[in-house]
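Enquirer:
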Amino acid sequence: MSPITLILIAIGLGLAGWLAGRAKAWSFQKTAPDKRPVARPIYHAWYVAMWVLIPVLAFLTLWSFIAPQLVTQSVLASPTAADLPLFGFERDAWLAEARAVANGTAPGVFSEGAEALVEPYRLAISRYTLTGYAITILIAFGGGAFSYTRLRPEFHARTRVERSIMVILLLASLVAILTTFGIFASLVFETIRFFGMVSPMDFLTGTYWGPDPMSNPDNPDGSRFGAIPLFWGTIFIGAIIAMIVAIPLGLMSAIYLTQYADPKVRAWVKPALEILAGVPTVVYGYFAALTVAPAIRDAAVAIGITNASTESALAAGVVMGVMIIPFVSSMADDSITAVPSAMRDGSYAMGATKSETITRVLFPAALPGIVAGIMLAISRAIGETMIVVMAASTAANLSANPLDRMTTVTVQIVKMLTGEGSFDHPATLSAFALGFVLFMVTLALNYVALRVVKRFREAYE
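Each number in our numbering comes from the position in the sequence shown (counting from 1) with 7 added on.
Set out below in structure tokens:
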């Protein structure tokens, strides 16, 4: 069954339950006119619909994972599968080709051995599709009948529906938390494996980064896994150069748009500024590599720097700063706009000028939102990859010269996890260690930001 078919089936059955529950709720006025229902008909309708929709969706989600396995087992049990290879790539290729033809996603098979498996796959898919439909209808009927028989004028349908919605919202909110814990657990597990092969001190304090995926995994050279150049490149490009560009321009644009700009100008400039946030990062990478980096190189040569390269940390940082201007500007704009007008009017009443009101009243009061925007921008810059790859290279250099080639943690994570490297090799596992350190740094930055926001929010509330 295709996902669209599953969704349409669930919606159709839920709608049928909704209509049935609503019709019975309206019938209470005729069958028991002297007894007023304690809940409106809409809540009775949603009660029945939820008893139909939720079990059906749960079953269909589970069936979408179970059915393909049952189909494959049915095909393997057929006599035509006797000629299949017992193991290996060829066996999986035959099954995949026959399944694709049976599903209609491929016009034909490439292997002669897969031709005989097409018809068993079609029969198995048809059989288990019908089985899924039948079970779905039975579940919907059972849930609908159970809920429908409980509807009475004195039934508290509103309370049941609101509690169910609260549980659904709670589960939805837990998804983000559980996902975070899952990411953290996976990083910790793989990082422990890596530190079992390479010393944490070599990794956290070493100044040379050059993992060799072809080296002996049982005896890795820990001196090749020094991550200090990667951490420095990440901070230098994403948290220093990019912020030097983004914070002043973002804050000044927010102040201009909220305090000085004409409403007509603001109506055009603010959307145009926010368009920058929707530009794909690969486009910024092309812009950095083809326009900004050559311009920086030419400017450096013009002032006497002869060894300037077209790949530099400055080019990547400048373009990255332009990319995250909307994050700083939008958050600062919203925070300044949210400051109560009474504070602004009181400042003017005390004789303060507009610039004094901005610097001494509006800006301190909006500081929590501004800090939140800056931290969001830093997190976005630290996680950027394409701009660094295209404008700053993949060379891990420990240098304070912005015209040198540098790289970041995220670039090296991509480099280590792409290709055909074994996940038991320390070179591949180093990507998880880098990700763990980056995760902890980001978590620390967010904690500091929350503390700053809480402190100033208490001061200006």
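Here a beta-carbon is modelled for each residue, glycine too, at the ideal position from N, C-alpha and C.
Note down the Cα distance separating proline 278 from alanine 179, rounded to an integer number of angstroms.
Expert: 31 Å
Enquirer: Could you give the residue range of the alpha helix (DSSP H) that holds proline 333?
Expert: Counted as a single uninterrupted DSSP element, the alpha helix (DSSP H) harbouring proline 333 occupies residues 332 to 344.
Enquirer: Going by beta carbon distance, what residues of the same chain come within less than 8 Å of proline 114, once the five residues before and after it are set aside?
Expert: Once the five neighbours on either side are set aside, the close Cβ partners of proline 114 are Val108.
Enquirer: Report yes if the C-beta distance between isoleucine 172 and valine 63 is below 8 Å; otherwise report no.
Expert: Going by C-beta atoms, isoleucine 172 is not nearer than 8 Å to valine 63.
Enquirer: With a threshold of 16 other CB atoms inside 10 Å of the CB of methionine 208, please say whether the residue is buried or exposed.
Expert: exposed
Enquirer: Where does valine 36 land, buried or exposed, given buried means 16+ other C-beta within 10 angstroms?
Expert: Note that residue 36 is glutamine in the sequence shown, not valine. By the 10 Å Cβ count, glutamine 36 comes out exposed.
Enquirer: Can you check which of these residues, Thr401, Ile18, Trp25, Phe439, is closest to tryptophan 216 by C-alpha distance?
Expert: Thr401
Enquirer: Contact between the region 307 to 323 and the region 400 to 414 is defined here as three or more beta-carbon pairs at a separation below 8 Å; is this criterion met?
Expert: yes
Enquirer: Would you mind listing the alpha helix (DSSP H) stretches within the region 102 to 177 that are 4+ residues and don't spill past its ends, in chain order?
Expert: Within the region 102 to 177, the alpha helix (DSSP H) runs of at least 4 residues that lie entirely inside it are, in chain order, 119 to 122, 125 to 156.
Enquirer: How long is the line joining the alpha carbons of phenylalanine 191 and phenylalanine 443, rounded to whole angstroms?
Expert: Straight across, the Cα-Cα distance linking phenylalanine 191 with phenylalanine 443 is about 8 Å.
Enquirer: Tell me whether tyrosine 291 is buried or exposed, calling it buried when 16 or more other Cβ atoms sit within 10 Å of its Cβ.
Expert: It is buried - the Cβ of tyrosine 291 has at least 16 other Cβ atoms within 10 Å.
Enquirer: Could you work out which residue in Gly311, Gly21, Val78, Ile254 is closest to isoleucine 385 when comparing CA atoms only?
Expert: Nearest option by C-alpha distance: Ile254.
Enquirer: State the CB to CB distance for the pair leucine 441 and leucine 237, rounded to an integer number of angstroms; the pair is presumed to be in contact (CB under 8 Å).
Expert: Between leucine 441 and leucine 237, the beta carbon gap of about 7 Å places them in contact (Cβ cut-off 8 Å).
Enquirer: On the premise that valine 368 lies in contact with methionine 350, defined as a C-beta separation below 8 Å, what is that separation, rounded to the nearest angstrom?
Expert: 6 Å
Enquirer: Is it right to say glutamine 419 is buried, meaning 16 or more other beta carbons lie within 10 angstroms of its own, or is it exposed?
Expert: buried
Enquirer: Which residues does DSSP list as the beta-bridge partners of phenylalanine 232?
Expert: Trp216
Enquirer: Let's test the definition: count the other Cβ atoms within 10 Å of the Cβ of phenylalanine 66 and tell me whether it reaches 16, buried, or not, exposed.
Expert: Its Cβ being crowded by 16 or more others within 10 Å, phenylalanine 66 is buried.
Enquirer: Kindly list the residues whose CB is nearer than 7 Å to the CB of asparagine 404, restricted to its own chain and excluding five residues on each side of it in sequence; keep chain order.
Expert: Pro236, Asp411, Arg412, Met413
Enquirer: How is the alpha helix (DSSP H) around aspartate 471 delimited, first residue to last?
Expert: Missing from the structure shown is residue 471; the chain here goes from 8 to 468 and no further.
Enquirer: Could you tell me the alpha carbon to alpha carbon distance between serine 437 and glycine 376, rounded to whole angstroms?
Expert: 36 Å
Enquirer: Can you give me the Cβ contacts of phenylalanine 334 inside the same chain, cut-off strictly under 8 Å, excluding the 5 residues immediately before and after it?
Expert: Ala253, Gly257, Ala284, Gly380, Leu383, Ala384, Arg387
Enquirer: Specify the secondary structure class of valine 286 as computed by DSSP and reduced to three states.
Expert: coil
Enquirer: CB glutamate 391 to CB serine 337, shorter than 8 Å?
Expert: no
Enquirer: Give me the Cα-Cα distance between valine 299 and alanine 274, rounded to the nearest whole angstrom.
Expert: 29 Å
Enquirer: In angstroms, rounded to a whole number, what distance separates the CA positions of leucine 452 and lysine 31?
Expert: Leucine 452 and lysine 31 have their C-alpha atoms spaced approximately 56 Å apart.
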